[in-house]
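Asks: The structure that follows is given in the form of structure tokens.
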Amino acid sequence: MSTAVPERPAELPGEKDGGVAVAAAEPSRPALPRGLARSAAWIAALTVCQAALMVGLGLLITGPAHTLWPLAVEDSVNEAFVRLRTGTLTTLSSIASEAGNTETVIAVTLVSCLCLLLVPRLPRWRQAAFLALSVSLQSLVFLVITFAVDRHRPDVHRLDGSLPTSSYTSGHTGAATALYGGLAVLALSRLRGPWRAVVGCLLCALPLLVAVARLYRGMHHPTDVVGGLVNGSLSLLIVGRALLMDGRVTARPAAPAPAPAHAPTPTAGRPERTPGHTAVILNPTVTGRTDRDALRQVLEHHGHHAPVFIETTADDPGGGQAAAAARDGAALVVVCGGDGTIRAAADALAGSDVPLALVPCGTGNLLARNLGLPLAPADALDAALRGTAHRVDLGHIEGDGLAPTHFAAMSGAGLDAAMVQRANANDRTKSLLGWPAYVIAVLQVLRTPRTALSVRLDGAPALRRTARMVLVGNIGTVQGGLTLLPSAEPDDGRLDLLILDPRGIGGWLAAVRTLLRPGTTVSPPRSAPTAEERQDDADDKGGTPVEFFTFRRAEFTFDAPQPRELDGDPVTAGRRLTAEVRPGALTMLLPTREK
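Heads up, the sequence shown is in numbering that gives the first Met the number 0, so the first residue is 0 and it goes up one at a time.
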């Protein structure tokens with residue numbers, strides 16, 4: 000019985016999917032995005048509030064607060080910078096100050112917006128509008144401030160000429176914050192791989208360098224450059240909230256293109272699939288058109304012609320599509336998405352001989368990181384296709400309220416599941432920041448209460464423990480290179496267990512030292528503690544903060560319902576979990592690794 004492919008959104012002119020060309024639509028006048036007027040009104044209202052706030056702070060600085068600390072010592076700061084001047088520092092400060100100059104800011108903004116609109120095959124008008132509006136509104140507010148607040152520049156030798164405008168706020172600093180901060184936001188939301196953090200940090204550092212340069216050159220008081228940083232940041236926040244995170248501004252759906260008279264009629268609403276074809280299952284929320292085209296080129300280069308692209312849906316995150324591809328005789332299933340998409344596809348392909356090629360396009364990409372795959376989608380696919388087929392383990396898990404399923408990376412209960420729930424509660428923050436969103440989330444849930452539980456490993460007598468987090472893993476390393484499960488290997492026929500139970504600041508510090516220490520040992524399962532040992536554990540406030548185990552089957556019974564997660568996706572809370580390894584259950588194409 001054939002399985003219909005989930006319906007795709009309207010194609011762009013000229014796109015090919017699965018070797019079937021989509022005819023180009025007749026040119027038409029572009030329609031304005033929906034929700035634009037409402038967002039424009041929102042931006043305008045908040046910009047007025049921003050201007051009022053900045054003017055009020057300026058009048059406070061130049062008025063009642065000018066004799067208070069730290070405003071009273073601002074002249075000393077400027078004089079200290081004068082004493083630090085050297086020929087080299089003066090040259091460097093001139094270069095840094097130029098980065099916030101009006102001409103430089105205008106030129107960089109125009110070039111960046113043109114690149115966003117013209118270079119990609121799909122113009123990113125929303126990102127271009129975000130950058131241009133942020134810089135423009137910052138400048139507008141700056142002009143309002145200079146007219147409303149009269150502040151003389153520092154009484155030191157100044158290295159630059161200046162227009163007869165108020166010293167408050169620093170226009171260079173504000174413009175640099177709006178421009179380079181905006182570029183940092185776009186870089187962090189679009190780039191992947193190791194350069195993502197480097198580029199983001201460098202762009203965020205530029206406004207700070209401009210601020211220091213303006214102080215060094217005697218052009219502003221410290222509160223002037225702080226005001227510039229605040230002014231630029233508020234513009235970014237207001238415009239970014241309206242255009243990048245609000246969701247009210249959406250493109251109008253394009254009218255469907257009329258099919259040419261000679262176009263073939265699709266069978267059962269989908270491209271015809273032949274045995275031996277390549278199925279590409281992708282999560283459309285994290286895989287753009289540029290990524291698809293790059294993946295298609297890599298597949299063609301390796302002899303996988305006319306691949307069939309199938310999108311996941313909210314109701315079916317990849318499992319149904321993978322199962323249908325296997326039933327239709329696919330010779331290769333390529334899965335593009337995050338760990339949740341990979342997990343769903345792996346669950347469907349478990350026990351089959353159909354190889355899976357992993358293309359990381361999500362936020363965490365834990366499995367790809369541990370398997371040694373590049374994090375750039377096209378590079379990851381190329382590396383997989385150049386590699387060989389490997390059998391990797393899967394974890395099989397079930398519990399109360401949790402249907403039996405597989406996981407490929409990690410599953411847990413307690414603190415890590417609460418972190419996942421908090422991070423997933425704001426998808427826009429996660430897509431904007433990437434994996435650092437999980438760092439923010441874990442800081443917010445550190446006070447998750449501990450619970451008591453019983454653990455039975457490989458049929459041994461149950462262990463009694465208290466824990467803030469229980470983590471079962473097929474792999475060991477998470478984002479940032481932190482190894483939580485030091486003995487975990489994806490093909491060793493075992494699963495690994497971390498029980499985390501720090502108590503107080505000392506316990507957390509001990510846990511961090513243990514997790515950062517190379518060569519941490521893993522404990523074998525041991526017999527159940529005596530009643531006296533259990534009482535000692537309950538009374539000992541400085542108990543073992545971290546314990547490691549390996550096993551083939553584990554049964555967990557918690558005294559109270561716990562939040563739970565599978566490969567970064569939250570599932571229903573519950574009190575019981577059973578985890579068991581399925582050795583070699585999944586065939587994957589992986590780069591050859593030296594043992």
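The C-beta atom is built at its ideal place from N, Cα and C for all residues, glycine as well.
What runs of the alpha helix (DSSP H), each 4 residues or longer, lie entirely inside the stretch 51 to 98?
Replies: For the stretch 51 to 98, whole alpha helix (DSSP H) runs of length 4 or above, ordered along the chain, are 73 to 82, 86 to 97.
Asks: Since Pro-489 and Asn-473 should fall inside the 8 Å C-beta cutoff, what is the C-beta to C-beta distance between them, to a whole number of angstroms?
Replies: Reading the sequence shown from its first residue, position 490 is the one you call residue 489. Reading the sequence shown from its first residue, position 474 is the one you call residue 473. 5 Å between Cβ atoms; contact.
Asks: Where does Thr-387 land, buried or exposed, given buried means 16+ other C-beta within 10 angstroms?
Replies: Looking up residue 387 in the sequence shown gives position 388. Classification of Thr-387: exposed, given that the 10 Å Cβ count is below 16.
Asks: DSSP on His-395, reduced to helix/strand/coil?
Replies: Position 396 of the sequence shown, counted from the first residue, corresponds to residue 395. It is a strand residue.
Asks: Is His-389 helix, strand or coil by DSSP?
Replies: Indexing the sequence shown from 1 puts residue 389 at position 390. In this structure, His-389 counts as strand in the three-state DSSP scheme.
Asks: Closest to Arg-446 by C-alpha separation, out of Ala-323, Arg-157, Asp-500, would be which residue?
Replies: Reading the sequence shown from its first residue, position 447 is the one you call residue 446. Nearest of Ala-323, Arg-157, Asp-500 to Arg-446, Cα basis: Asp-500.
Asks: Which of the three DSSP states, helix, strand or coil, is assigned to His-304?
Replies: Within the sequence shown, the letter at position 305 stands for residue 304. Reduced to three states, the DSSP call for His-304 is coil.
Asks: Would you tell me roughly how many angstroms separate the C-alpha atoms of Pro-590 and Ala-196, rounded to the nearest one?
Replies: As a first step, residue 590 must be located in the sequence shown, where it is residue number 591. As a first step, residue 196 must be located in the sequence shown, where it is residue number 197. One C-alpha to the other measures close to 25 Å.
Asks: Classify Ala-407 as helix, strand or coil using the three-state DSSP reduction.
Replies: Position 408 of the sequence shown, counting from 1, holds the residue named residue 407. DSSP places Ala-407 in coil when its eight states are reduced to three.
Asks: With DSSP as the reference, please indicate the residues paired to Leu-565 in a beta bridge.
Replies: Reading the sequence shown from its first residue, position 566 is the one you call residue 565. The partner list for Leu-565 (beta bridge, DSSP) reads Ser-410, Asp-568.
Asks: Got a sec? Which residues, its chain only, sit under 6 Å from Ala-347 by beta carbon, not counting five neighbours each side?
Replies: Taking the first residue of the sequence shown as 1, we reach residue 347 at position 348. Only Gly-318, Ala-321, Ala-322 meet the Cβ criterion.
Asks: With distances taken between CB atoms, is the gap from Thr-145 to Thr-176 smaller than 8 Å?
Replies: What you label residue 145 is simply residue 146 of the sequence shown in a count that begins at 1. What you label residue 176 is simply residue 177 of the sequence shown in a count that begins at 1. Against a cut-off of 8 Å, the Cβ pair of Thr-176 and Thr-145 comes out as no contact.
Asks: Where Pro-283 and Ser-93 are concerned, what is the direct C-alpha to C-alpha distance, given to the nearest angstrom?
Replies: Counting from 1 along the sequence shown, the entry for residue 283 is found at position 284. Counting from 1 along the sequence shown, the entry for residue 93 is found at position 94. Distance between the alpha carbons of Pro-283 and Ser-93 is about 46 Å.
Asks: Pairing CB atoms from the stretch 393 to 401 with CB atoms from the stretch 568 to 576, are three or more of them under 8 Å?
Replies: They touch, by the three-pair rule.
Asks: Would you please state the rounded distance, in angstroms, between the beta carbons of Gly-239 and Phe-129? I believe it to be under 8 Å.
Replies: As a first step, residue 239 is located in the sequence shown; it is residue number 240 there, counting from the start. As a first step, residue 129 is located in the sequence shown; it is residue number 130 there, counting from the start. Confirmed, about 6 Å.
Asks: Leu-370 by DSSP, collapsed to three states: which one?
Replies: Looking up residue 370 in the sequence shown gives position 371. Note: Leu-370 maps to coil in three-state DSSP.
Asks: Straight-line CA distance for Asp-314 to Ala-343?
Replies: What you label residue 314 is simply residue 315 of the sequence shown in a count that begins at 1. What you label residue 343 is simply residue 344 of the sequence shown in a count that begins at 1. If you take the alpha carbons of Asp-314 and Ala-343, they lie about 12 Å apart.
Asks: Would you kindly work out how many angstroms separate the C-alpha atoms of Arg-295 and Ala-377, rounded to a whole number?
Replies: Residue numbering aside, residue 295 sits at position 296 when the sequence shown is read from its first letter. Residue numbering aside, residue 377 sits at position 378 when the sequence shown is read from its first letter. Using only the alpha carbons, I get a separation of about 9 Å.
Asks: How big is the Cα-Cα spacing for Gly-104 and Ser-133?
Replies: For the purposes of this step, residue 104 is identified with residue 105 of the sequence shown, where counting begins at 1. For the purposes of this step, residue 133 is identified with residue 134 of the sequence shown, where counting begins at 1. One detail in the question is off: residue 104 reads as Val in this sequence, not Gly. Spanning the two alpha carbons is a distance of roughly 12 Å.
Asks: Please classify Cys-200: is it buried, with 16 or more other beta-carbons within 10 angstroms of its beta-carbon, or exposed?
Replies: Position 201 of the sequence shown, counting from 1, holds the residue named residue 200. Exposed, since its Cβ has fewer than 16 Cβ neighbours within 10 Å.
Asks: Return helix, strand or coil for Val-47, following the three-state DSSP convention.
Replies: In the sequence shown, the residue the question calls residue 47 occupies position 48. Here Val-47 sits in helix by DSSP.
Asks: In three-state terms, what does DSSP make of Gly-492?
Replies: As a first step, residue 492 must be located in the sequence shown, where it is residue number 493. In this structure, Gly-492 counts as coil in the three-state DSSP scheme.
Asks: With distances taken Cα to Cα, identify the nearest neighbour of Pro-206 among Ala-510, Thr-85, Ala-98.
Replies: For this step, residue 206 is matched to residue 207 along the sequence shown. Looking at the Cα atoms, Ala-98 is the closest of the given residues.
Asks: Inspect the CB distances between the stretch 51 to 68 and the stretch 219 to 234 and report whether three or more fall short of 8 Å.
Replies: Yes, since at least three Cβ pairs between the stretch 51 to 68 and the stretch 219 to 234 fall closer than 8 Å, the two stretches touch.
Asks: Do Gly-413 and Ala-466 come within 8 Å of each other at the CB atom, strictly closer than that value?
Replies: For the purposes of this step, residue 466 is taken as residue 467 along the sequence shown, with counting starting at 1. For the purposes of this step, residue 413 is taken as residue 414 along the sequence shown, with counting starting at 1. Contact: yes.
Asks: Could you give the DSSP three-state label for Ile-280: helix, strand or coil?
Replies: Indexing the sequence shown from 1 puts residue 280 at position 281. Strand, per DSSP.
Asks: Taking one C-beta from the stretch 404 to 421 and one from the stretch 365 to 372 each time, how about it: are there three or more such pairs within less than 8 Å?
Replies: They touch, by the three-pair rule.
Asks: Quick check: Val-580 and Leu-494, are their CB atoms within less than 8 Å of each other?
Replies: What you label residue 580 is simply residue 581 of the sequence shown in a count that begins at 1. What you label residue 494 is simply residue 495 of the sequence shown in a count that begins at 1. In this structure, Leu-494 lies closer than 8 Å to Val-580 by Cβ.
Asks: Taking Cβ positions, are Phe-548 and Leu-456 nearer each other than 8 Å?
Replies: What you label residue 548 is simply residue 549 of the sequence shown in a count that begins at 1. What you label residue 456 is simply residue 457 of the sequence shown in a count that begins at 1. A contact, by the Cβ cut-off of 8 Å.
Asks: Apart from the five residues on each side of it in sequence, which residues of its chain come closer than 6 Å, Cβ to Cβ, to Val-279?
Replies: Translated into the one-based positions of the sequence shown, residue 279 becomes position 280. Only Pro-306, Phe-308, Val-333 meet the Cβ criterion.
Asks: Which word fits Cys-360, buried or exposed, when buried means at least 16 other C-beta atoms lie within 10 angstroms of its C-beta?
Replies: Taking the first residue of the sequence shown as position 1, residue 360 is located at position 361. With 16 or more other Cβ atoms within 10 Å, it is buried.
Asks: Between the C-alpha atoms of Ser-188 and Leu-182, what's the straight-line distance to the nearest angstrom?
Replies: As a first step, residue 188 must be located in the sequence shown, where it is residue number 189. As a first step, residue 182 must be located in the sequence shown, where it is residue number 183. Each residue's alpha carbon lies about 10 Å from the other.
Asks: Taking the beta carbon of Asp-558 as the centre, do at least 16 other beta carbons fall within 10 Å, making it buried, or is it exposed?
Replies: Along the sequence shown, read from residue 1 onward, the residue named residue 558 stands at position 559. Exposed.
Asks: Give the list of continuous alpha helix (DSSP H) stretches no shorter than 4 residues that lie fully inside the stretch 195 to 247.
Replies: Correct list: 221 to 239.
Asks: Buried or exposed, going by whether 16 or more other CB atoms sit within 10 Å of the CB of Val-110?
Replies: Walking along the sequence shown from the start, residue 110 turns up at place 111. Under this definition Val-110 is an exposed residue.
Asks: Any idea which residues DSSP pairs Ser-453 with across the strands?
Replies: Stepping through the sequence shown from its first residue, residue 453 is reached at position 454. Paired residues: Arg-463, Thr-556.
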